Amino acid sequence: MKTYEPITEEIVGKLKKIVGDKFVWTDEDHLEQYKTDEETDPRKFHRPEAVVAPASTEEVAAILKLANAARFPVTPRSGGTSVSDGAIPVCGGLVLLMERMDKILEVSPEGMYLKAQAGARTGDVQQAARQQGLFYAGDPCSADSCLIGGNLATNAGGDKAVRYGTTRNQVHAIEVVLPNGEIAHLGTRSKKNTTGYCLDQLVIGSEGTLGIITEVTLKLLPQAPYKSDVLAIFTDQDKATGIVPVLLREGLNPTSVEFMDNAFVRASSDYSKLNLGHYEDGSYVILTLETFDEEEMDRKLIKLDELCQANGAVEVGMADDRVWTLRKNCLESTRVLSKVMTSDDFVVPLDKIARTINELSREAQNYPFRVFTLAHAGDGNLHFSILKGDLSDEEWEQALDAFHAKAYQYVYAMGGKLSGEHGIGAKKVKQLAALADPGELYMMQTIKKALDPLDILNPGKVLAVY
Ligand SMILES: Cc1cc2nc3c(=O)[nH]c(=O)nc-3n(C[C@H](O)[C@H](O)[C@H](O)COP(=O)(O)OP(=O)(O)OC[C@H]3O[C@@H](n4cnc5c(N)ncnc54)[C@H](O)[C@@H]3O)c2cc1C
Numbered sequence: 023m024k025t026y027e028p029i030t031e032e033i034v035g036k037l038k039k040i041v042g043d044k045f046v047w048t049d050e051d052h053l054e055q056y057k058t059d060e061e062t063d064p065r066k067f068h069r070p071e072a073v074v075a076p077a078s079t080e081e082v083a084a085i086l087k088l089a090n091a092a093r094f095p096v097t098p099r100s101g102g103t104s105v106s107d108g109a110i111p112v113c114g115g116l117v118l119l120m121e122r123m124d125k126i127l128e129v130s131p132e133g134m135y136l137k138a139q140a141g142a143r144t145g146d147v148q149q150a151a152r153q154q155g156l157f158y159a160g161d162p163c164s165a166d167s168c169l170i171g172g173n174l175a176t177n178a179g180g181d182k183a184v185r186y187g188t189t190r191n192q193v194h195a196i197e198v199v200l201p202n203g204e205i206a207h208l209g210t211r212s213k214k215n216t217t218g219y220c221l222d223q224l225v226i227g228s229e230g231t232l233g234i235i236t237e238v239t240l241k242l243l244p245q246a247p248y249k250s251d252v253l254a255i256f257t258d259q260d261k262a263t264g265i266v267p268v269l270l271r272e273g274l275n276p277t278s279v280e281f282m283d284n285a286f287v288r289a290s291s292d293y294s295k296l297n298l299g300h301y302e303d304g305s306y307v308i309l310t311l312e313t314f315d316e317e318e319m320d321r322k323l324i325k326l327d328e329l330c331q332a333n334g335a336v337e338v339g340m341a342d343d344r345v346w347t348l349r350k351n352c353l354e355s356t357r358v359l360s361k362v363m364t365s366d367d368f369v370v371p372l373d374k375i376a377r378t379i380n381e382l383s384r385e386a387q388n389y390p391f392r393v394f395t396l397a398h399a400g401d402g403n404l405h406f407s408i409l410k411g412d413l414s415d416e417e418w419e420q421a422l423d424a425f426h427a428k429a430y431q432y433v434y435a436m437g438g439k440l441s442g443e444h445g446i447g448a449k450k451v452k453q454l455a456a457l458a459d460p461g462e463l464y465m466m467q468t469i470k471k472a473l474d475p476l477d478i479l480n481p482g483k484v485l486a487v488y
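Per my numbering: the sequence shown ends with 488, consecutive numbering throughout.
Right under this line is the structure:
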């Protein structure tokens, strides 16, 4: 693996000159705090040598110029909610915090856009849009703790992607500091654009390997006045997953179609101290409809009820916010059951999602770990939470590798991919190298080398360190 130069006292002094003495840390507490993100396995932790919090795009640029001159790696970090080891400084060096760049700069009701610094909290972006009667459609379940730049870097999905698409669909333009410290303004607010390469979309979803996003211009939408959440409960998991293609085919255009298996229903009900029915035997499908017309909502709700009943639901009812508390607590609810766990993020074409959930969750029963299944079912995106429990490190690794080998093969045979929304991070670098189309891998490596010849920015993420 490539070796980098250490961050010396002299470099720390230069960093302090760039951002101010108060915003560079080398003390034990900070180095310990930033050795991981949502990763729970201590074997994956890496301590940085220093942590820095710039306040402007120019400061970010100066830090990257210094990093190239002194040859130390830089890991950008927003909310640190990555579940793919994306914010872990796997090669040491510097962790660069985005949290001071947190301003909402402009909300334009006329132009229906919002400009913010990349360190603005996603929940604050949503709130700022709401205050103007508008709506920002990006909504990962971590919206209260992640930052908008982190969402762009990972092309985050979430509960509303069925109707509105993922984060990349919500973006007009970005400002980005390239690995060598140059500043680029990419994208446009115009509806059409064929003016050269589509570089904004290349940077979005590149997980901080091609540039540090410092400012974002986001699309806003009108807020639909009518919104209904529905909980459909099934006691037969195959029927629960089988409802997804039916709903999408019938033109209901749902905003959310979320699936929780019975293991997640129990875990999250216990964690949230809620019981919404069929705790013992139910799989849940949570559906959200939005309309601009009351009668249209009534018609859609009747149709939804009919379709769920006809496809085997044992209960269909209007749901309140408690159903979203259950859904959003899923990940946390399994954390209390096992200190070490991992979360998969497969994505398959929509017509394959029911089959994939059912076959892979059945396959998972053959291994000595506990598996909980969750899906943004309307996007074909499946999350398995796999718990280490009392297994030894060796047993855990063996079982996980054996399951993953089967699961990856299955998902790719279905026309799917390794990650629907969490990204490759450091966690799936080897798998991407093994599974990606050779031409695709060649393009990724060539672009990375061209923009970051010294492999300074977020090395060891998406691609192996060269
Ligand atoms: C409880 C929970 C629920 C979740 N639900 C969802 C969900 O519904 N949908 C979903 O997609 N994900 C979800 N996630 C995963 C995670 O929240 C997303 O990946 C999120 O977009 C990460 O944002 P962050 O601000 O925490 O970024 P971080 O974790 O800090 O960083 C993520 C990656 O982006 C890079 N990066 C960060 N900021 C920048 C920047 N400004 N410029 C360039 N690169 C940068 C980092 O180096 C890292 O590689 C969930 C996580 C948790 C813990």
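Built from N, CA and C at the ideal position, the CB exists for glycine as well.
If you're wondering where the values come from, they're calculated on a predicted model, not measured in any experiment.
Sequence-distant residues of its chain with Cβ nearer than 8 Å to residue 438 (five each side left out) = 368, 369, 370, 371, 374, 378 and 402
When you compare each of 33, 44, 165 and 73 to residue 50 by their alpha carbons, which one comes out closest?
-> 73
Tell me whether residue 398 is buried or exposed, calling it buried when 16 or more other Cβ atoms sit within 10 Å of its Cβ.
-> buried
Per DSSP, what kind of secondary structure is residue 145 in: helix, strand or coil?
-> Reduced to three states, the DSSP call for residue 145 is helix.
Which listed residue (274, 259 and 265) has its alpha carbon closest to that of residue 285 = 259
Going along the chain, which residues of its own chain have a beta-carbon closer than 8 Å to the beta-carbon of residue 93, five neighbours each way excluded?
-> 26, 27, 476 and 478
Nonlocal neighbours in the same chain, by C-beta distance under 7 Å from residue 159, ignoring five residues either side | Counting only Cβ-Cβ distances below 7 Å, and skipping sequence neighbours, we find 182, 186, 192 and 243.
Tell me the DSSP bridge mates of residue 392?
-> For residue 392, which the question treats as bridged, DSSP gives the partners 409.
Applying the criterion that 16 or more other CB atoms from any shown protein chain within 10 Å of the CB defines a buried residue, is residue 299 buried or exposed?
-> exposed
So, do the region 80 to 89 and the region 126 to 138 have three or more beta carbon pairs nearer to each other than 8 Å?
-> As far as the Cβ criterion goes, the region 80 to 89 does not touch the region 126 to 138, which means the pair count is below three.
Under the three-state DSSP convention, the category residue 49 falls into | coil
In or out: residue 165 buried (at least 16 other Cβ within 10 Å) or exposed?
-> When all chains shown are included, residue 165 counts as buried.
Going by Cα to Cα distance, which pick from 268, 253, 64 and 276 is closest to residue 341?
-> 253
Cutoff 7 Å; reference residue 75; Cβ partners in own chain excluding five residues on either side = Cβ neighbours of residue 75 beyond the five flanking positions: 41, 45, 119, 121 and 122.
To the nearest angstrom, report how far apart residue 205 and residue 230 are at their CA atoms.
-> Rounded to whole angstroms, residue 205 to residue 230 spans 14 Å at the Cα level.
Between the C-alpha atoms of residue 180 and residue 470, what's the straight-line distance to the nearest angstrom?
-> 28 Å
beta-carbon residue 176 near ligand 1 non-hydrogen atom, thresh 7 Å | yes
Unbroken alpha helix (DSSP H) run spanning residue 387, endpoints | In the DSSP annotation of this structure, residue 387 is not part of any alpha helix (DSSP H), being labelled neither H nor E.
Count the other CB atoms within 10 Å of the CB of residue 139; is the residue buried (16 or more) or exposed (fewer)?
-> buried
Is the number of C-beta pairs between the region 230 to 239 and the region 318 to 332 that are closer than 8 Å three or more?
-> no
Reference residue 483, options 347, 449, 177 and 416, closest by Cα | 449
Give the straight-line distance between the Cα atoms of residue 381 and residue 442, rounded to the nearest whole angstrom.
-> C-alpha separation (whole angstroms): 18 Å.
What are the complete alpha helix (DSSP H) segments, minimum 4 residues, inside the region 428 to 463?
-> 451 to 457
Return the CA-CA distance between residue 95 and residue 222, expressed in angstroms with no decimal places.
-> 23 Å
Using 8 Å as the Cβ pair cut-off and three pairs as the minimum, do the region 290 to 307 and the region 402 to 414 touch?
-> no
Name the two residues that bound the continuous alpha helix (DSSP H) containing residue 130.
-> No alpha helix (DSSP H) contains residue 130, which is instead part of the beta strand (DSSP E) from 126 to 130.
Have a look at residue 31 and residue 38 and give me their C-alpha separation to the nearest angstrom.
-> When only Cα atoms are considered, residue 31 and residue 38 end up about 10 Å apart.
Whether residue 24 touches residue 464 by CB criterion (8 Å) | no
Cβ-heavy atom distance, residue 493 to ligand 1, below 7 Å = Examination of residue 493 is not possible in this model, given that the chain is present from 23 through 488 alone.
My understanding is that residue 174 touches residue 196, with C-beta atoms under 8 Å, so please give their C-beta distance in whole angstroms.
-> 7 Å
Where residue 361 sits in the DSSP three-state scheme | coil
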